[in-house]
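Remarks on the structure that follows.
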Amino acid sequence: MEAKVKGKLDGLTMAYGIGASIVITGMMFKFLNWQYANEMLFIGLTTEAIVFFISAFELKRPEKEYKWDKLFPQLTTDQPTGVEQLEEMVQKANVDPMIIERLTNSIEKLENNVHKMSETSNLAHLNEQIDRMRVSSENFEREINRLNKSMSDMSKQYDKVLNVMGGKNLD
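First residue of the sequence shown? That's 3 in my numbering, and the numbers climb one at a time after it.
Shown next as structure tokens:
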């Protein structure tokens with residue numbers, strides 16, 4: 003079963019596409035220095051000029067108007083909006099202003115607790131970073147001590163070499 007294609011070919015759109023492809027082909031001939039490059043470029047630019055001339059006479063098609071009220075009948079009814087419905091429910095429920103105030107306070111306390119939990123999480127991360135710095139510092143100290151010992155040993159070896167070469171005792 004073949005799918006039916008809705009719509010029809012638009013002559014101007016087709017002319018734009020064909021004209022643009024001819025211009026691009028002419029430019030390609032010119033850039034690549036192919037034979038007949040000037041002729042192809044002339045044909046392409048002339049085609050594009052003709053297409054632009056024709057497009058000046060293109061008729062503007064009126065936009066299709068949709069009847070949204072038939073698709074969504076609730077748009078035409080005089081029913082209250084969501085906010086109005088909420089206000090009506092609150093009035094019918096006889097909600098005491100004290101209850102709303104307590105609810106507001108509870109939400110604020112919840113917000114504060116979440117904020118404190120976030121700070122605690124940040125402190126745990128900071129503590130972990132401090133531990134890493136401590137380990138790195140200890141490793142650095144070990145390496146410095148090892149370097150000092152190596153330098154001391156090397157200095158002793160130089161002293162021995164100087165003693166042997168100069169016959170002097172530096173100890």
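Just so it is clear, CB atoms sit at the ideal spot from N, CA and C, and this is done for glycine as well.
Bear in mind that the values here come from a model prediction, so they are computed numbers and not experimental data.
Excluding sequence positions up to five away, which residues of its chain have a Cβ less than 7 Å from the Cβ of residue i?
i, result
"Met-42", "Thr-27, Gly-28 and Phe-31"
"Tyr-68", "none"
Could you check what DSSP says for residue i in three-state terms: helix, strand or coil?
i, result
"Pro-75", "helix"
"Gln-37", "coil"
"Gly-13", "helix"
"Ala-51", "helix"
"Ala-95", "coil"
Where do the N-terminal and C-terminal ends of the alpha helix (DSSP H) with residue i fall, by residue?
i, result
"Pro-99", "99-168"
"Leu-61", "Counting along the chain, Leu-61 falls outside any alpha helix (DSSP H), and DSSP gives it neither H nor E."
"Lys-69", "From DSSP, Lys-69 is part of no alpha helix (DSSP H); its letter is neither H nor E."
Under a CB-based cut-off of 7 Å, is residue i close to chain B?
i, result
"Glu-143", "Looking at the structure shown, chain B is missing, and only one protein chain is on hand."
Taking 6 Å as the limit between beta carbons, can you name the residues of its chain near residue i, skipping five residues before and five after?
i, result
"Tyr-89", "What sits at residue 89 in the sequence shown is Glu, not Tyr. None."
Since residue i and residue j should fall inside the 8 Å C-beta cutoff, what is the C-beta to C-beta distance between them, to a whole number of angstroms?
i, j, result
"Gly-45", "Ile-20", "For the sequence presented, residue 45 should be read as Ile rather than Gly. Between Ile-20 and Ile-45 the Cβ distance is about 12 Å, and since that is not below 8 Å, they are no contact."
"Phe-11", "Ser-57", "The identity of residue 11 in the sequence shown is Leu, whereas the question assumes Phe. Incorrect: roughly 16 Å between the Cβ atoms, too far for contact."
Note down, in chain order, each residue of its chain lying with its Cβ closer than 8 Å to the Cβ of residue i, except the 5 sequence neighbours on either side.
i, result
"Arg-136", "none"
"Ser-138", "none"
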